[in-house]
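Protein chains in written order, with our numbering: chain A, 1 to 611; chain B, 1001 to 1475.
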């Protein structure tokens, strides 16, 4: 035994001490701390989202309009990478080598990056080329999603488009995750919840390299994807196509409605864009181009443009006045080529004098409606100007003006029918009367309406007093009935018995010699129409026309706006009548070819200024 | 005499053999669990790590038997030649070795790859035992300490060139052997203090450590000599000089780095103190001065080595370990995954072959350096503490065996085995449970690899062979 014998105890104690330290540490790691168990779960389990196919879109006759096409994202599995010909890959993908290197570095460093695609939405050619040579590039793989494809590139403003979600969308609806798509506009947006379907999920065991190692717990927690619901639109693809053809060189809008149902038959906002431009990789670039375009092709004029209704508004004024017994159908007013009174001068054109109501509608006499409006507003027996204005305004708003109609499309504008408060603020209380606001009588002045509201007015007149909120979707797969909102009749405040006077006037305007809309005549059907010439501060007056046909059993009500079209009969009336012919008879007679040609060859879109 | 007769069966330490077999078979089960896959060949395909390891176990057992067949005196006799061969092979591997994972540590003979550095441990222990058991060799003599260090350091110097940091570090464990044999306490204290200073110099700015050292010296002197006045004077002198320097630099009189200000103040101050001490014959000052300068020199050189000599990834590991740096997707990721795997095992584990973290390769090196993660994940707290107990038990048993040797050679050899085994066990487990930076050394008997298993088998069975004849001859 030596003098250092007791050192064995120190060494032994050291070993025991370490054993205790390890045990305590293991006790902490394995029993006290629970976060490691959770991390382990999320570590090795990958939630794989199964994306559903988006619902298809059909027209009212079952014609397929919008369907899906597969799109492939390219992803990288960093640990499966082997040496490969990077030059060749860069050539196929048309990227520079540094981009490739950076991407590989990124996924190697950060496992979270591996979920993000390296290149999104490969073009079909690139995909084809790469697929063929995929064996040469281990570690690169495809993940499939679907994109929209348009069989007929029609009704872009109505159908809308889809885009990637942003953080706001995710905040609003937890269904979405970064990288998902949703409807951004049109029916795609308003029927998003039906069209999108439901994502499925599959849990997979994955190893550290992100490779699948079989189903997690035998797929107990998996869920299949549910395809989106197919949607049938109310529009008639043929009519829509024809309307777009007619409007291709104009700025403006065409809205056609089936009066009895409120179903939108055609919905054009011109200039329109090709919806395929907003699909896939080119979307962002094209979107920016379209957005910068000075003629605003992305702007949905049909529901968002505010125009003065012009003379088409005389029909409503006539109906309101008849209902309130301000005038009678036989009431006649003179016209001295206009309406001149203290401080008011309103021109009119040459026509027979004096006119009764039907004649005034037929000839669109400004003076007649100015007189009528003066009687309505400056009527001391009933009340002061404000009170009378409110009575008038109440009628007007019952026709759906001044508020959004509630169409199933996003961002519909309300138009503008001023309240008394507006005039009070502007002129002072009790300091305004009929002459102050006389322009309202002929649909000018402060009044603004959307083309949709105007088409709805045509439908109301066709229905003799009611409308059904216009809508663009006829049927949703698996849903028995539409929203009640789109079946309910809204009666206007004007009694149904007064409508035939206005209808007669509209018939004569189109079909009798001397009417304001001879170009709206059709040999096939009796069209009732009313022109409008909406004066505006931007240039020539807009050409406005609203109509319905046939007179006895109206099947279609329509409004046409052609910006800067000078007067109603010049473009609006012929476009409307061609569309009515097309819809009701399915053909355009040879005698109308000249008119059709004239419309199609007119160009009212300005030259671009270099954009 | 009856007791002098050789009786191997009776005098063999069966408890150690039992613990050995227990660890080896438990280790193999874990390698099997991690590597089992339906996809790769049959059970007997040598592509499977578990089949390969089974082969190594068989070879090791044969090796154990061969070791027992050889006369126990051979090992003492053979110690220096073995050491010479080991050094030669380590040299050879630098020339003809094969590089795997960036280290030229392997000799490849057909399908078999061997790691000479593993076997060099056995040879070094034998040589150290041989030297220290020599006549009149005491580890308290400076010359003997030097020779012992020489024996210990030669192999790791060659291994460092490969480079294999982990295997190099293992040799430091042999200090325990010297300690047991009478290495003066102060040498050990010096080593412990150096390690502490090294850690401090990594964590803190070296300037602060210098200041702390001065403060300790000044206060230590005051307490030791009870001359508080001297201490106050010294403190005042150093502060004045240093703050004066800072002041001059602040107002652009001098433009020198802060560290240089400190050193100038230190040298000036010390010179003044030494002059005073000589003139007033204050002897106690000189040992304090020596202490101060030795440690300041040490910190300075550690700082230099850490920042300029060792590789960046090793620097990163130490810094992440000490919480100075965060690197969640690099090195820290591995340690974190290791903790997740072990932590997810819970109390009783997920069950044999049910581990997900290790099996799905979230844990790096899951059948070699990080094999303990599989134990933790599949066998839980019970299994891992069981392993700790088995290892601790084996180590204590080996100490008992070493202590009962009458021959100094056998005892020293036994302690050598204990030290190396202890070091491997301690560092390997500590790194998987994030108590120590990751240093790539295997867990004895568990980690996949033939060289390591064979080397540890040799270590243990040579000791058992020596032990089996402890009653027969004095080696």
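C-beta atoms are modelled at their ideal positions from N, C-alpha and C, and glycine is treated no differently.
- Within the region 403 to 457 of chain A, the runs of alpha helix (DSSP H) that reach at least 4 residues and sit entirely inside it are, in chain order, 420 to 427.
- Secondary structure note for residue 469/A: it is in no beta strand (DSSP E), with a DSSP letter that is neither H nor E.
- Within the region 1115 to 1133 of chain B, no residue has a Cβ lying closer than 8 Å to any Cβ of chain A.
- By a beta-carbon distance limit of 8 Å, residue 561/A does not contact residue 262/A. Their separation comes to about 20 Å.
- DSSP places residue 1113/B within a strand segment (E or B) once states are collapsed to three.
- Not a single C-beta of chain A is nearer than 8 Å to the C-beta of residue 1049/B.
- Rounded to the nearest angstrom, the gap between the Cα atoms of residue 421/A and residue 436/A is 14 Å.
- Sequence-distant Cβ neighbours of residue 1085/B in its own chain, meaning closer than 8 Å and more than five residues away, are 1123.
- Proximity of residue 1385/B to chain A, defined by a Cβ-Cβ separation below 8 Å, is satisfied.
- By the Cβ test, the region 1109 to 1117 of chain B is not in contact with the region 1138 to 1154 of chain B, since fewer than three Cβ pairs between them sit closer than 8 Å.
- The residues 1238, 1266 and 1292, in chain order, have a CB closer than 8 Å to that of residue 1214/B in the same chain once the five nearest residues on each side in sequence are set aside.
- Contacts between residue 19/A and chain B, judged by CB atoms closer than 8 Å, involve 1388, 1389, 1391 and 1392 in chain order.
- Between residue 1367/B and residue 1101/B, the beta carbon gap of about 14 Å keeps them out of contact (Cβ cut-off 8 Å).
- Straight-line spacing of the CA atoms in residue 1379/B and residue 1386/B works out to 9 Å.
- Taking a Cβ-Cβ threshold of 8 Å, none of the residues of chain B is close to residue 283/A; the smallest such distance is about 32 Å.
- Within chain A, no C-beta atom comes nearer than 7 Å to that of residue 1446/B; the closest sits roughly 14 Å away.
- In this model, residue 475/A and residue 487/A are separated by some 13 Å (Cα to Cα).
- Remark: C-beta atoms of residue 447/A and residue 416/A approach each other more closely than 8 Å.
- About 20 Å separates the Cβ atoms of residue 310/A and residue 492/A, ruling out a contact at the 8 Å cut-off.
- Residues 333 and 339 of the same chain have their beta carbon placed closer than 8 Å to that of residue 371/A, with the five preceding and five following residues left out of the count.
- Beta-bridge partners assigned by DSSP to residue 68/A: 148/A.
- Residue 25/A has a beta carbon lying within less than 8 Å of a beta carbon in chain B.
- Closest in C-alpha terms to residue 401/A, from the list 374/A, 462/A, 454/A and 519/A, comes 454/A.
- Looking only at 1437/B, 1167/B and 1413/B, the smallest Cα-Cα distance to residue 1178/B is reached by 1413/B.
- As the crow flies, the alpha-carbon of residue 1354/B is around 19 Å from that of residue 1448/B.
- The beta-carbon of residue 1277/B is placed no less than 8 Å from the nearest beta-carbon of chain A.
- Under the 8 Å criterion on CB atoms, residue 1410/B is classed as non-interfacial with respect to chain A.
- The shortest C-alpha to C-alpha distance from residue 1223/B to any of 1288/B, 1411/B and 1056/B is the one to 1288/B.
- Going by DSSP, residue 346/A is part of no alpha helix (DSSP H) but of the beta strand (DSSP E) stretching over 344 to 347.
- Following the DSSP letters along the chain, one finds residue 121/A in no alpha helix (DSSP H) but inside the beta strand (DSSP E) bounded by residues 119 to 122.
- A direct Cα-Cα distance of roughly 11 Å separates residue 582/A from residue 596/A.
- Taking every protein chain shown into account, the CB of residue 176/A has 16 or more other CB atoms within 10 angstroms, so this residue is buried.
- Between residue 554/A and residue 185/A the beta-carbon gap is near 31 Å, outside 8 Å, which marks them as no contact.
- Per DSSP, reduced to three states, the secondary structure at residue 1429/B is helical.
- Within 10 angstroms of the beta-carbon of residue 1066/B lie fewer than 16 other beta-carbons, which makes it exposed.
- A direct Cα-to-Cα measurement between residue 300/A and residue 151/A gives close to 22 Å.
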